[in-house]
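To start, the structure under review is shown below, and the notes come after it.
Numbering (the numbering used here), first residue to last: 356 to 493.
Below, the structure is given as structure tokens:
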């Protein structure tokens, strides 16, 4: 009875060593590293795309509010020429609000574009490291 237990113990020990050796195999480790690097690069590309889309939206909103501000100023001038000071003041207040909102969108767009630039550089660096690791494989 003890003979088969000893044999089972030896088989399990052998399988455990084989299992450990497989995970210590440099080729397997390198393949896993390459797979992880590809996933990281892909995630960074998705983040870059999102950042670029958001920057474009912010830039479009900035331009829209700048146009609104110009229209409000034009209306204020028209009201002033007509002698309607109250409406002119109202249009100037709206112009200032639109300018402030445009400025906020400009700041957001600038930050998003800066972040996108950093992501682009990060992706280039990661792709270079991936190529180096892949060349090590061969």
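Positions of the beta carbon are idealized from the N, C-alpha and C atoms, including for glycine. Only a predicted model underlies this, so the values are computations on that prediction, with no experimental measurement involved.
Label residue 457 either buried or exposed according to how many other C-beta atoms from any shown protein chain fall within 10 Å of its C-beta, with 16 as the threshold for buried.
Residue 457 should be labelled buried.
Range of the contiguous alpha helix (DSSP H) that encloses residue 494:
Summary: the structure shown does not reach residue 494, with the chain confined to residues 356 through 493, and so no result is reported for it.
Below 8 Å between beta carbons: does that hold for residue 423 and residue 443?
Residue 443 sits away from residue 423, with the two beta carbons spaced by 8 Å or more.
Report the residue from 435, 484, 439, 405 whose alpha carbon sits nearest the alpha carbon of residue 472.
It is 405.
Just to confirm my understanding: we take residue 399, look at its own chain, exclude 5 residues before and 5 after, and list those with CB closer than 8 Å. What are they?
474, 477, 478, 481
Among 383, 386, 463, 426, whose alpha-carbon lies nearest the alpha-carbon of residue 447?
426
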